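Read the structure below first, then the notes.
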Amino acid sequence: MEKYQVAVSFAGEQRVYVEQVVRSLQSFGIPVFYDGDNQVLLWGKDGIEFFHQLFSAETSYVVMFISKEYVEKPWCRHERRSALSRALVEKAEYVLPVRFDDTPVPGMPSSVQYLDANKLTPYALATQIVQKLGINPFATKASAVPPPHVTSTRGTITFDYSSYNGVYVLGKDPYLFETAWSKSSDISIIAYNDKPSIHGIAIATGMAEIGEISDATLFDYTSRTRRPSIGQILVLKNTHGFYAAIKILAVSDNTRGADKDEMSFEYVIQTDGSSSFTSAPNFRAARTSEAPPGAQ
């Protein structure tokens, strides 16, 4: 029985592009198998058996992302053989090739038509996959697109909080935090705990830097919304029990003289399972060293 409408087969070198395609497909409501979303499911399984069953029986289409690396890697070869074995008995298209280069694919006729990843954005490719499934990709709202997403566990972000429904995603897998924001003023911003990955949000009262937080459990997570001001730190706990801390650096409001709605923040995701951020990077020292001469 088919569990998925689409499964993706690719080499790790193309993961960034492929993951953006997957997120776009998911925004259209398409059930997709993507290994990056299924680490717990895959944990301990025999990969040879699992992926043969997946690519030969459990998906309506396999989108095969072809590259030199894809043809050379043994695991990709196994996935490819499983998918092509199913394609032999199908009366309609099953393997949908997407090429990054012109590397020949053993077992695949050269006459099979493909799409060129170099000429399509991930979102544009996703809309074509959705159309192949017989679905109108524009039947959903234009706002139903994946939000910006960084997978690193620390960094500095600037984004337009009036776009993407105010959502910016940090981290991945058990360290995923779907932050959600809306307008408050040009000195503060409203944060929400509404997204599925977020268990609670709180303001780290009295803390000036992320590294000062020694125990994130001490803060108040009892409200759906918080309104941190510039310089304050928002603490988030996700549904896997991990903590993230976000310091608000700047907020612009287009109703108060700014050209656009924009916020900047620095963040740290604590990956060791603790509630302490005392080992976090010294953002303050970095900001001071980057300040222009005469700045305070």
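In the numbering used here, the protein residues as written are -8 to 287.
Ideal placement from N, C-alpha and C gives every residue a C-beta, glycine not left out.
Keep in mind that this is a model prediction, so the values were computed, not measured.
Give the C-beta separation of Tyr258 and Gly157 to the nearest angstrom, bearing in mind that I take them to be a contact with Cβ-Cβ under 8 Å.
-> Their Cβ separation, rounded to whole angstroms, is 16 Å, which puts Tyr258 and Gly157 out of contact at 8 Å.
With DSSP run on the structure shown, which of helix, strand or coil describes Leu167?
-> In the three-state reduction of the DSSP assignment, Leu167 falls in the coil class, being assigned neither a helical nor a strand state.
Cβ neighbours of Tyr61 in the same chain (closer than 7 Å, five flanking residues each side left out) | Answer for Tyr61: Phe1, Ala2, Cys67, listed in chain order.
From this set, Thr112, Met99, Tyr105, Pro95, which residue's C-alpha is nearest Val9's C-alpha?
-> Closest by C-alpha distance to Val9, out of Thr112, Met99, Tyr105, Pro95, is Thr112.
Answer yes or no: do Thr269 and Gly202 have a C-beta to C-beta separation smaller than 8 Å?
-> Cβ atoms of Thr269 and Gly202: closer than 8 Å.
Enumerated in chain order, which unbroken segments of the beta strand (DSSP E) with a length of 3 residues or greater are wholly contained in the segment 185 to 235?
-> As far as the segment 185 to 235 is concerned, its whole beta strand (DSSP E) runs of at least 3 residues are 189 to 194, 224 to 229.
From this set, Ala271, Thr213, Ile181, which residue's C-alpha is nearest Asp252's C-alpha?
-> Ranking Ala271, Thr213, Ile181 by Cα distance to Asp252 puts Ile181 first.
Tell me whether Leu33 is buried or exposed, calling it buried when 16 or more other Cβ atoms sit within 10 Å of its Cβ.
-> When all chains shown are included, Leu33 counts as exposed.
Excluding the 5 residues preceding and the 5 following Tyr183 in the sequence, name in chain order all residues of the same chain whose CB lies nearer than 6 Å to its CB.
-> Residues Ala171, Thr216 of the same chain have their beta carbon placed closer than 6 Å to that of Tyr183, with the five preceding and five following residues left out of the count.
Nearest CA to the CA of Ser173: which residue from Lys163, Tyr166, Asp164, Tyr159?
-> The shortest C-alpha separation from Ser173 is found at Tyr159.
Classify Phe91 as helix, strand or coil using the three-state DSSP reduction.
-> Phe91 falls in the coil class under three-state DSSP.
For Glu60, write down the residues that DSSP places opposite it in a beta bridge.
-> Looking at the DSSP assignment, Glu60 forms no beta bridge with any residue, so it has no partner.
From the DSSP output, in three-state form, read off Trp34 for me.
-> Three-state DSSP puts Trp34 in coil, outside helix and strand.
DSSP-derived helix/strand/coil call for Lys82 = In the structure shown, Lys82 sits in coil (DSSP, three-state: anything other than H, G, I, E or B).
Segment contact flag, the segment 209 to 228 with the segment 140 to 155, C-beta cutoff 8 Å, min 3 pairs = Not touching, per the Cβ criterion.
Go to Gln261, then tell me how far its beta strand (DSSP E) extends in each direction, as first and last residue.
-> Per DSSP, the unbroken beta strand (DSSP E) holding Gln261 starts and ends at 253 to 261.
What is the DSSP secondary structure of Val96, reduced to helix, strand or coil?
-> DSSP places Val96 in coil when its eight states are reduced to three.
Where DSSP assigns a beta bridge to Gly125, which residues make up the other side?
-> DSSP output for Gly125 lists no bridge partner at all.
Does the separation of the CB atoms of Gly98 and Arg72 fall below 8 Å?
-> In this structure, Arg72 lies closer than 8 Å to Gly98 by Cβ.
Assigned exposure category for Asp107 - 16 Cβ within 10 Å defines buried | So Asp107 counts as exposed.
Taking three-plus beta-carbon pairs below 8 Å as touching, is the segment 69 to 86 in contact with the segment 40 to 58?
-> Inter-segment contact for the segment 69 to 86 and the segment 40 to 58 is present: three or more beta-carbon pairs are separated by less than 8 Å.
Rounded to a whole number of angstroms, what is the C-alpha to C-alpha distance between Arg218 and Asp211?
-> One alpha carbon belongs to Arg218, the other to Asp211, and they sit about 13 Å apart.
Local Cβ density within 10 Å of Pro187, reported as buried at 16 or more and exposed below that | Around the beta carbon of Pro187, fewer than 16 other beta carbons sit within 10 angstroms, so the residue counts as exposed.
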